[in-house]
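Student: Take this structure, written in structure tokens, and hold onto it; I'll ask about it next.
Protein chains: 2
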Amino acid sequence: MLEELDAKLSELNILSPQSRQLFKEIATIKKLPKSKNIFVEGDGNAHEYLLLSGVLHRYNLADDGQLITTGFYMTKAVVTPHFARTKNGKSIFSLQALTNAVVAEIAVADLNLLRQTNNEFRVFGQKIIEEELSKLFYFETVYRSCSAKERLLILRNHFPNLENLVPHNSIASFLGITNVSFSRLRHELSVK
Amino acid sequence: MLEELDAKLSELNILSPQSRQLFKEIATIKKLPKSKNIFVEGDGNAHEYLLLSGVLHRYNLADDGQLITTGFYMTKAVVTPHFARTKNGKSIFSLQALTNAVVAEIAVADLNLLRQTNNEFRVFGQKIIEEELSKLFYFETVYRSCSAKERLLILRNHFPNLENLVPHNSIASFLGITNVSFSRLRHELSVK
DNA sequence: GAATTCTATTATCAAATGATAAAACATTAT
DNA sequence: ATAATGTTTTATCATTTGATAATAGAATTC
Numbered sequence: 065m066l067e068e069l070d071a072k073l074s075e076l077n078i079l080s081p082q083s084r085q086l087f088k089e090i091a092t093i094k095k096l097p098k099s100k101n102i103f104v105e106g107d108g109n110a111h112e113y114l115l116l117s118g119v120l121h122r123y124n125l126a127d128d129g130q131l132i133t134t135g136f137y138m139t140k141a142v143v144t145p146h147f148a149r150t151k152n153g154k155s156i157f158s159l160q161a162l163t164n165a166v167v168a169e170i171a172v173a174d175l176n177l178l179r180q181t182n183n184e185f186r187v188f189g190q191k192i193i194e195e196e197l198s199k200l201f202y203f204e205t206v207y208r209s210c211s212a213k214e215r216l217l218i219l220r221n222h223f224p225n226l227e228n229l230v231p232h233n234s235i236a237s238f239l240g241i242t243n244v245s246f247s248r249l250r251h252e253l254s255v256k
Numbered sequence: 065m066l067e068e069l070d071a072k073l074s075e076l077n078i079l080s081p082q083s084r085q086l087f088k089e090i091a092t093i094k095k096l097p098k099s100k101n102i103f104v105e106g107d108g109n110a111h112e113y114l115l116l117s118g119v120l121h122r123y124n125l126a127d128d129g130q131l132i133t134t135g136f137y138m139t140k141a142v143v144t145p146h147f148a149r150t151k152n153g154k155s156i157f158s159l160q161a162l163t164n165a166v167v168a169e170i171a172v173a174d175l176n177l178l179r180q181t182n183n184e185f186r187v188f189g190q191k192i193i194e195e196e197l198s199k200l201f202y203f204e205t206v207y208r209s210c211s212a213k214e215r216l217l218i219l220r221n222h223f224p225n226l227e228n229l230v231p232h233n234s235i236a237s238f239l240g241i242t243n244v245s246f247s248r249l250r251h252e253l254s255v256k
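Structure follows, in structure tokens:
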């Protein structure tokens, strides 16, 4: 798994082997069984996560207690950084493994030290947040201007094969429809 | 208007008069006529904005060219900070005045200098982004779990009187429905 | 202030989505 | 293996939302 982490760091423009080595020394690799919660809404959590394999989702509980998925993380994604997913130190959503998964975990404080001494990590942080937020705003527009069917097609473009990996419930709630409607859309799209 | 700015800065926990004075010296007050674009999607913009009076909205163009409002800023809000609304230096949404409005404008570089020398401005920046993102994620859940009618009621709680200030078009697109459906909901809710 | 343009409402019908329940399939535990 | 549990599909009917068009109302321009 350390090779996978190394590859992911390269992909993220941490180009110098020394920087990657530094990161690997202070990060820990964690295997997560399916449906394991990494952190939950309202609790503190002082780590950053790099997803090395598997699928995670973030979710919140609606007023009626229903579990609402607001985003997916597929292999080699970076989980929304700590500063952007907490309010007064408490998580504003929960993060859960939807399949068996492997993550690299690093304490926020440790990564901050890396940032202070190493420009590659500073740039990397800014890039992550830019991509995360631009995707968030993109879906804000999609959500408001497209039908459920169109939203499903767009989701399929972003995460091919997601439907074969995770419970359909999570996809339906991400799309903002019931799982019965979701099943109907799948049927409609398959016969065409 | 400088008193309003001063009040807003106090509200934002810039407590020392010297800090507020510093801010006021480098910020400029701008009056914006209704429907003026402050910046548009895809363009660069190197300023931060504090809304002192009026209503702004952020919007994107959908694939079919339709204008989609993804959020409102009402009096004394802080506009989403530069780093969180740009990708590679380009704006990821447009910002427009929906009514006559007044903003305090400050160059990103100038505010960064303030941050480096003054802890109040650093804390302030972090607080703004936390509130912005937690609201964003809150609406992500609302959007996926509530009917259009419920979404309207929630919007009314957040921005009382908004319907009397801005074009209904912008509210309808924020809610993700047509303006005809919006008008129908208004009628339903008024007769009950 | 009349004319023009833009915005909001109302009505009608069509299409999309939700609610419920039953059946088919998969997974997990015993 | 069997039972038990959870997930996905299918069917039916109800409700919500969209599309279109006509009208009414406001704001803007001349």
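Protein sequence lines correspond, in order, to chains U and X. When you line the first sequence up against this note's numbering, it's residues 65 to 256, in that order. When you line the second sequence up against this note's numbering, it's residues 65 to 256, in that order. We put the beta carbon where it would ideally sit given N, CA and C, even for glycine. Please read all numbers here as calculations on a predicted model, not as lab measurements.
Would you call the CB atoms of U:Phe246 and U:Phe136 closer than 7 Å?
Tutor: No, Cβ-Cβ distance for U:Phe246 and U:Phe136 is not below 7 Å.
Student: Does the distance from the CB of X:Thr163 to the CB of X:Val104 come in under 7 Å?
Tutor: Result no, Cβ atoms of X:Thr163 and X:Val104 do not sit closer than 7 Å.
Student: Taking U:Ile193 as part of the alpha helix (DSSP H), name the residues at either end of that continuous run.
Tutor: Its alpha helix (DSSP H) spans residues Asn183 to Ser209.
Student: In three-state terms, what does DSSP make of U:Asn124?
Tutor: Of the three classes helix, strand and coil, the one that applies to U:Asn124 here is strand, per DSSP.
Student: Against U:Glu194, what residues of chain X qualify as contacts under a CB-to-CB distance less than 9 Å, listed in chain order?
Tutor: Chain X residues near U:Glu194: Phe147, Ala148, Thr150, Lys151, Asn152 and Ile156.
Student: Grouping DSSP H, G and I as helix and E and B as strand, with all else coil, what is U:Val166?
Tutor: Looking at U:Val166 - three-state DSSP - the assignment turns out to be strand.
Student: Of the residues X:Ala171, X:Ala212, X:Glu195 and X:His121, which one's Cα is nearest the Cα of X:Thr92?
Tutor: Nearest C-alpha to X:Thr92: X:Ala171.
Student: Beta carbons nearer than 9 Å to chain U: which residues of the stretch 120-135 of chain X have them?
Tutor: So the list reads Arg122, Tyr123, Asn124, Leu125, Ala126, Asp127, Asp128, Gln130, Ile132, Thr133, Thr134 and Gly135, given in the order they occur along the chain.
Student: Output needed for X:Glu227: all residues of its chain with C-beta closer than 7 Å, excluding positions within five of it in sequence on either side, in chain order.
Tutor: Closer than 7 Å at the Cβ level, and outside the excluded window around X:Glu227, lie Ile235.
Student: Take the Cβ of U:His111 as the centre, count every other Cβ of all protein chains shown within 10 Å, and call the residue buried at 16 or more, exposed below.
Tutor: Looking at its Cβ environment, which holds 16 or more other Cβ atoms inside 10 Å, U:His111 is buried.
Student: U:Ala161 lies in the beta strand (DSSP E); which residues open and close that run?
Tutor: Unbroken beta strand (DSSP E) run through U:Ala161: Ser158 to Ala161.
Student: Do the stretch 186-194 of chain X and the stretch 118-133 of chain X meet, that is, are 3 or more Cβ pairs less than 8 Å apart?
Tutor: At 8 Å Cβ cutoff, the stretches do not touch.
Student: Determine which residues share a DSSP beta bridge with X:His111 and list them.
Tutor: In the DSSP output, where bridge partners are listed per residue, X:His111 has X:Ala171.
Student: Compile a chain-ordered list of the residues in the stretch 197-221 of chain U whose CB is closer than 7 Å to at least one CB of chain X.
Tutor: Cβ contacts with chain X come from Leu197, Ser198, Leu200, Phe201, Glu204, Thr205, Tyr207, Arg208 and Ser209.
Student: Using a C-beta to C-beta distance shorter than 9 Å, which residues of chain X count as neighbours of U:Gly189?
Tutor: Under the 9 Å cutoff, chain X gives no residues; its nearest Cβ is about 10 Å from U:Gly189.
Student: Looking at C-beta atoms only, is the number of pairs between the stretch 194-214 of chain X and the stretch 149-161 of chain U that lie closer than 8 Å three or more?
Tutor: Cβ pair count under 8 Å is three or more, so yes.
Student: Comparing the C-beta of U:Gly240 with each C-beta of chain X, is any distance below 7 Å?
Tutor: So, interface residue.
Student: List the residues that DSSP assigns as beta-bridge partners of X:Leu96.
Tutor: Partner(s): X:Ala165.
Student: Would you mind reading off the limits of the beta strand (DSSP E) that contains U:Phe103?
Tutor: Where U:Phe103 is concerned, the enclosing beta strand (DSSP E) stretches over Asn101 to Phe103.
Student: In the structure shown, what three-state DSSP assignment does X:Lys140 receive?
Tutor: X:Lys140: coil per DSSP, three-state reduction.
Student: Give me the Cβ distance between X:Arg220 and X:Tyr207, rounded to the nearest whole Å; I'm assuming they're in contact under 8 Å.
Tutor: Not confirmed; about 16 Å, so no contact.
Student: Below 7 Å CB to CB, which residues in the same chain sit around U:Met65 once its five sequence neighbours on both sides are set aside?
Tutor: Closer than 7 Å at the Cβ level, and outside the excluded window around U:Met65, lie Ile93, Leu116 and Val166.
Student: U:Ser237 CB to nearest chain X CB: under 7 Å?
Tutor: So yes, U:Ser237 belongs to the interface.
Student: Need the endpoints of the alpha helix (DSSP H) that X:Pro231 sits in, please.
Tutor: Unbroken run through X:Pro231: none, as it is neither H nor E.
Student: What does the alpha-carbon distance come out to for the pair U:Leu178 and U:Tyr202?
Tutor: Rounded to whole angstroms, U:Leu178 to U:Tyr202 spans 31 Å at the Cα level.
Student: Classify X:Ile132 as helix, strand or coil using the three-state DSSP reduction.
Tutor: Here X:Ile132 sits in strand by DSSP.
Student: Rank U:Pro97, U:Leu114 and U:Lys88 by C-alpha distance to the C-alpha of U:Val143 and give the top, closest one.
Tutor: For U:Val143, the nearest C-alpha among the options comes from U:Leu114.
Student: Would you tell me roughly how many angstroms separate the C-alpha atoms of X:Asn124 and X:Phe157, rounded to the nearest one?
Tutor: So the alpha carbons of these two residues sit roughly 5 Å apart.
Student: With a cut-off of 8 Å on the beta carbons, I'd call U:Leu69 and U:Lys88 a contact; round off their distance for me.
Tutor: Rounded, the Cβ-Cβ distance is 6 Å, consistent with contact.
Student: Between X:Ser237, X:Glu252, X:Asp174 and X:Ser99, which has its C-alpha nearest X:Gly129's C-alpha?
Tutor: The shortest Cα separation from X:Gly129 among X:Ser237, X:Glu252, X:Asp174 and X:Ser99 belongs to X:Ser237.
Student: Taking Cβ to Cβ, would you say U:Glu169 is nearer than 7 Å to U:Ser83?
Tutor: No. Outside cutoff.
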